[in-house]
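Residue numbers (the numbering used here): 1 to 298.
Here is the structure we will look at, set down as structure tokens.
Next comes the structure, spelled out in structure tokens:
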């Protein structure tokens with residue numbers, strides 16, 4: 001509706017609306033989260049967690065409102081019909097931009113339970129939002145390079161324990177566990193540095209999704225494999241606010257939970273680890289081909 005305005009003005013308006021929305025809802029979240037912190041009992045969580053989720057969904061709905069006001073993007077979306085807002089899902093997606101999160105929330109909120117992301121530890125200190133993510137039990141992970149993990153293998157165990165504890169909380173009420181398997185946003189420099197075998201993706205990291213399945217495999221109704229494509233180039237956060245995301249294509253595919261892998265010991269069984277990585281690589285190969293097709297469909 002407001003896309004006739006200059007892009008920088010649209011960006012300032014969108015950022016202002018995002019800030020106002022956050023400053024309204026986050027204090028409400030924190031007020032309830034304090035009770036959960038002071039009374040860390042299962043019975044209390046079962047009452048408070050659904051209330052916190054409804055507040056977060058209202059915050060996301062307001063974000064969708066200002067997006068409709070400031071954006072004029074063409075959305076080509078398939079595969080979101082018939083999802084269960086009362087189910088448990090493990091959501092896996094390629095990652096190119098901060099806009100991915102807003103796209104996923106806009107499309108999936110109230111179609112499935114609230115998305116819970118695994119976040120970098122540093123994001124805890126993001127003003128306002130860090131506290132909101134903490135209140136909603138988003139797990140904060142310390143990211144370590146392979147060289148550091150080889151020198152200090154105990155750090156891998158710490159991240160595994162963080163994931164396990166987070167998934168135990170997620171099992172109390174219907175939840176969607178969100179995982180970007182690439183672990184970071186795609187760039188050509190990262191792609192070249194990794195020598196990735198995929199044309200449009202970085203190499204997937206299977207450890208996080210394996211542990212989530214190990215802890216909650218019996219809860220998940222399905223795995224949702226989401227592919228996001230920006231035909232005109234992935235926008236950064238400011239470009240998205242300015243309404244420069246012209247087109248987005250999203251495909252959602254349901255994948256059955258691999259029971260034989262979910263019940264295996266990924267951390268200590270080399271055969272399970274190899275089978276899981278092959279399963280993940282096949283999903284990634286299919287996703288890479290799907291992205292190629294979506295980009296070529298113009």
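C-beta: ideal position from N, C-alpha, C; glycine also.
Judged by beta-carbon spacing, residue 233 lies beyond the 7 Å limit of residue 95, meaning their Cβ atoms are not closer than that value. Judged by DSSP secondary structure, residue 254 falls within the beta strand (DSSP E) whose first and last residues are 247 to 255.
Counting along the chain, residue 227 sits inside the beta strand (DSSP E) bounded by residues 222 to 229. The C-alpha of residue 124 lies about 7 Å from the C-alpha of residue 131. The DSSP assignment places 74 to 78, 89 to 93, 115 to 117 as complete runs of the beta strand (DSSP E) inside the stretch 74 to 133, in order along the chain (cut-off: 3 residues). The Cβ atoms of residue 46 and residue 32 do not sit closer than 7 Å to each other. DSSP, read as helix, strand or coil, puts residue 196 in coil. Within the model, the alpha-carbon separation for residue 215 versus residue 98 is close to 28 Å. Within the same chain, and ignoring the five residues on either side of residue 76 in sequence, the residues whose Cβ sits closer than 8 Å to its Cβ are 247, 248, 249, 250. Looking at the DSSP output, residue 140 sits in a beta bridge with 119. Exposure of residue 4 is indicated by the presence of fewer than 16 other C-beta atoms within 10 angstroms of its C-beta. Between the alpha carbons of residue 200 and residue 230 lies a gap of roughly 12 Å. Contact holds between the stretch 211 to 226 and the stretch 252 to 268, because three or more Cβ pairs, one in each stretch, are under 8 Å apart.
Check the Cα spacing between residue 113 and each of 87, 259, 107: the tightest is with 87. Approximately 26 Å separates the beta-carbon atoms of residue 293 and residue 257; this is outside 8 Å, ruling out the contact. Counting along the chain, the unbroken alpha helix (DSSP H) around residue 286 starts and ends at 270 to 295. When DSSP reads this structure, residue 179 sits in a beta bridge with 92.
Leaving aside the five residues that flank residue 7 on each side, the residues in its chain whose CB is nearer than 7 Å to its CB run, in chain order, 242, 243, 244. In the structure shown, the three-state DSSP call for residue 233 is coil. Residues 22, 23, 26 of the same chain have their beta carbon placed closer than 7 Å to that of residue 128, with the five preceding and five following residues left out of the count.
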